[in-house]
Amino acid sequence: MTKKHGSESPETSDENGDSGLFRRLMADARPLRHSPRAAVPRRVKARAKFRRDDEREVLRESLEHDAHRSEVSSGDGLRFRRPAIGHRTMRKLARGGYSVQAELDLHGMTVVEAGSALREFVNECCLRGLGCVRIVHGKGLGSGERGPILKRMLDATLRRWDQVLAFVSTRQVDGGTGAVYVLLKID
6 MTKKHGSESP ETSDENGDSG LFRRLMADAR PLRHSPRAAV PRRVKARAKF RRDDEREVLR
66 ESLEHDAHRS EVSSGDGLRF RRPAIGHRTM RKLARGGYSV QAELDLHGMT VVEAGSALRE
126 FVNECCLRGL GCVRIVHGKG LGSGERGPIL KRMLDATLRR WDQVLAFVST RQVDGGTGAV
186 YVLLKID
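Just so it is clear: in the sequence shown, position 177 is 182 by the numbering used here, and no numbers are missing.
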C-alpha cells in the first residue's frame, strides 16, 4: 500500500500541528502556588431604617380611621366634600368637568409607600397651584378578603387634609371606582 500525499498518521500530525507546538512551548511551565483563600465576610441582612416608625404611623392612622368608612368595597364609589363646596361643583367634578392637571398612580405600592407618595403628591400639587388632580388607587381586586386597602387608606387620608376640598370616584373612562378626581385648595 502506498500513502497518499497529505495523509499522515494522527500521532505525526499531532506532533507537528498546533497541539504539538503548544506542548513544546509549555514543557517548562509549572503550576502556580495557591495561597489560602481570604475569608469573605458574610453580608449583614438589610433592614429598613424607618420600618418601626412606618409601622407605628400606619397603626396610628388605622386607629384614627372612621369606623363607618372601613366597609368600602372594590365597587363602591368614593365621594366627599367640604361644607363650602356646592352640589353643582360636585356634579361637575363627578362628570369630569374639570381639567386634570396631574395624576398619581398608587398601583402596586404598599400602604406605607402609597401614603408617602400621596403626601408628596398633594403637597407638590398645592405648591404648584393645581386645582384638580386624579389619583389612581385601583379597585383592590387583588387584595382578596382584605378588600381594597389602598382605596380605604386614600379615602381616610384625603378627608383629613384641609388642602382637599372634595373628591369623587372618576368616570368609567378615567378609572371608575379605581380612581378619584380631587379638588385642591388653591392659595
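All C-beta atoms in this analysis are idealised placements derived from N, C-alpha and C, irrespective of residue type, glycine included.
Query raised in the report: The alpha helix (DSSP H) spanning aspartate 23 covers which residue range?
Result: Counted from its first residue, the sequence shown places residue 23 at position 18. 23 to 30 is the span of the alpha helix (DSSP H), which, as asked, contains aspartate 23.
Query raised in the report: Mapping DSSP to helix, strand and coil, what is arginine 100?
Result: Numbered from its first residue, the sequence shown carries residue 100 at position 95. Three-state result, arginine 100: coil.
Report task. In the DSSP assignment, find the beta strand (DSSP E) that holds arginine 176 and state where it starts and stops. Result -> The residue given as residue 176 occupies position 171 in the sequence shown. From DSSP, arginine 176 is part of no beta strand (DSSP E); its letter is neither H nor E.
Query raised in the report: Can leucine 123 and leucine 109 be called in contact, C-beta distance under 8 Å?
Result: Numbered from its first residue, the sequence shown carries residue 123 at position 118. Numbered from its first residue, the sequence shown carries residue 109 at position 104. A contact, by the Cβ cut-off of 8 Å.
Report task. For the beta strand (DSSP E) containing leucine 189, list its first residue and its last residue. Result -> For this step, residue 189 is matched to residue 184 along the sequence shown. In the DSSP assignment, leucine 189 falls within the unbroken beta strand (DSSP E) covering 184 to 189.
Query raised in the report: For glycine 136, which of Leu37, Lys156, Gly181 and Ser104 has the nearest alpha-carbon?
Result: Here residue 136 is taken as the residue at index 131 of the sequence shown, counted from 1. Residue Ser104 is the option with its Cα nearest to glycine 136.
Report task. Taking the CB atoms as reference points, tell me whether aspartate 179 and glycine 101 lie closer together than 8 Å. Result -> Taking the sequence shown and counting its residues from 1, the one referred to as residue 179 is at position 174. Taking the sequence shown and counting its residues from 1, the one referred to as residue 101 is at position 96. Yes; because the gap between Cβ atoms is below 8 Å, this pair is in contact.
Query raised in the report: Smallest Cα separation from alanine 171: which of Arg157, Gly181, Leu189 and Gly183?
Result: The residue labelled residue 171 in the question sits at position 166 within the sequence shown. Of the candidates Arg157, Gly181, Leu189 and Gly183, the one whose C-alpha sits nearest the C-alpha of alanine 171 is Leu189.
Requested in this report: State the Cα-Cα distance for the pair isoleucine 140 and proline 88, rounded to the nearest angstrom.
Outcome: Position 135 of the sequence shown, counting from 1, holds the residue named residue 140. Position 83 of the sequence shown, counting from 1, holds the residue named residue 88. Roughly 22 Å between the two C-alpha positions.
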